[in-house]
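Residues are numbered in the numbering used here as their position in the sequence shown, beginning at 1, plus a constant of 125.
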Amino acid sequence: LFLNSTNSVTMSILKFTFNLCSLFLLSSSVEAFAPSLSNNVASSNASSSTVAFTSTGTSTSTSTSTSLNFFDKVFEKEGPLGKGITVGKVQVALSCIDRTILTQLERAADNTGSEPEELSRLANEVCLILLRQRDNWIAAASESKWFGQDDAGKAESLCNTMSNTEASKFEKEYIPSADAHADVGGPTNVVISLVLEIQGDETDFEGAGFSIEKTNKVISSIAADVLVDDGYCLNACEVFWTPGDRKEILTKQDMIIDFPTLIDL
Numbered sequence: 126l127f128l129n130s131t132n133s134v135t136m137s138i139l140k141f142t143f144n145l146c147s148l149f150l151l152s153s154s155v156e157a158f159a160p161s162l163s164n165n166v167a168s169s170n171a172s173s174s175t176v177a178f179t180s181t182g183t184s185t186s187t188s189t190s191t192s193l194n195f196f197d198k199v200f201e202k203e204g205p206l207g208k209g210i211t212v213g214k215v216q217v218a219l220s221c222i223d224r225t226i227l228t229q230l231e232r233a234a235d236n237t238g239s240e241p242e243e244l245s246r247l248a249n250e251v252c253l254i255l256l257r258q259r260d261n262w263i264a265a266a267s268e269s270k271w272f273g274q275d276d277a278g279k280a281e282s283l284c285n286t287m288s289n290t291e292a293s294k295f296e297k298e299y300i301p302s303a304d305a306h307a308d309v310g311g312p313t314n315v316v317i318s319l320v321l322e323i324q325g326d327e328t329d330f331e332g333a334g335f336s337i338e339k340t341n342k343v344i345s346s347i348a349a350d351v352l353v354d355d356g357y358c359l360n361a362c363e364v365f366w367t368p369g370d371r372k373e374i375l376t377k378q379d380m381i382i383d384f385p386t387l388i389d390l
């Protein structure tokens, strides 16, 4: 009886060890797919407007997949929005009869600063501007990648890479004049890009462009999460939109060339 009991315990230990090894291999090999941007960046003659801030001041987008990181997350400290850090980007294209949305974006950028509360309000306001223009959405895309707290430097680097990729698509940056708001301009397509580095793993970046509902869910999730903890969960935020100049028109062909990962809605 003693030998049988020992053999049973030994077999149980071996079985438990085998299950752990299997789980490790599974978590290392399986990846969660997210719509991602191409590494190919086309140059455009159009101008863009951009506002870029981090929680410490003014800061100066790539194909990624989100690993499940099962064992990494087990030992991560839990925060208000979950574990680790998420770097993500969402882009939305709109068809605008007038250009009032550009005026709204410019005013939002003019009224913000680099403090966490101001940074979070900017991201929230841009999301609300997009949500109010839901009927005008024509395409969207999103991507994200999760990092552990020990890889905070890598998260910041990816956020900078995403922002630099967007900024490099344009040959010039448009700075509106004092009377620019008076010149509304004619119909055009507009593309708005929002790049974020946010604490935790709960912000939903998955599925923008697959449907109106999923795109709405992504933007709504960002709008809510950037305000958590008085904005201190948001590490960095950059907003890009094009066209900036009221005289320029962004055509469908321009969008295909400069934003190839946008998915028609």
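Backbone N, C-alpha and C define an ideal beta-carbon position, used for all residues, glycine too.
Alpha helix (DSSP H) segment containing Gln378, residue limits = Taking the sequence shown and counting its residues from 1, the one referred to as residue 378 is at position 253. For Gln378, the enclosing alpha helix (DSSP H) has its first and last residue at Lys377 to Asp383.
Segment contact, 8 angstroms Cβ cut-off, at least three pairs: the segment 323-337 with the segment 279-289 | Between the segment 323-337 and the segment 279-289 there are fewer than three C-beta pairs closer than 8 angstroms, too few to call the two in contact.
CB-CB under 8 angstroms to Thr181, same chain, minus the five flanking residues each way: which ones, in chain order?
-> Here residue 181 is taken as the residue at index 56 of the sequence shown, counted from 1. Low confidence applies here, because Thr181 scores a pLDDT of 33, under 50, leaving its location unreliable and the question unanswered by this model.
Nearest residue (CA-CA) to Gly213, options Ile323, Ile226 and Gln378 | In the sequence shown, the residue the question calls residue 213 occupies position 88. Taking each of Ile323, Ile226 and Gln378 in turn and checking the Cα distance to Gly213, the smallest one comes out for Ile323.
C-beta contact flag for Gln216 and Val316 at 8 angstroms | As a working note, residue 216 is residue 91 in the sequence shown. As a working note, residue 316 is residue 191 in the sequence shown. Pairing Gln216 with Val316 gives a Cβ-Cβ distance under 8 angstroms.
Could you check the C-alpha separation between Ile210 and Ile347 for me, to the nearest Å?
-> Residue numbering aside, residue 210 sits at position 85 when the sequence shown is read from its first letter. Residue numbering aside, residue 347 sits at position 222 when the sequence shown is read from its first letter. Looking at the two C-alpha atoms, the distance is approximately 14 angstroms.
Using the beta-carbon count (16 or more within 10 Å), is Phe365 buried or exposed?
-> Along the sequence shown, one-based indexing puts residue 365 at 240. Of the other Cβ atoms in all chains shown, 16 or more fall within 10 Å of the Cβ of Phe365; this residue is therefore buried.
Curious, which full-length beta strand (DSSP E) runs of at least 3 residues does the segment 296-363 contain?
-> Complete beta strand (DSSP E) runs here, min 3: 313-324.
Cutoff 6 angstroms; reference Ile254; Cβ partners in own chain excluding five residues on either side | Here residue 254 refers to the residue found at position 129 when the sequence shown is read from its first residue. Excluding sequence neighbours, Ile254 sits near Gln229.
Mind checking if Cys358 is an interface residue toward chain B, Cβ cutoff 8 angstroms exclusive?
-> In the structure shown, chain B cannot be found, because there is only a single protein chain.
8 angstroms Cβ cutoff met for Glu327 and Gly207 | Taking the sequence shown and counting its residues from 1, one reaches residue 327 at position 202. Taking the sequence shown and counting its residues from 1, one reaches residue 207 at position 82. Contact flag set, yes.
Tell me where the beta strand (DSSP E) around Glu268 begins and ends.
-> Along the sequence shown, read from residue 1 onward, the residue named residue 268 stands at position 143. Looking at the DSSP string, the run of the beta strand (DSSP E) that includes Glu268 is Trp262 to Phe272.
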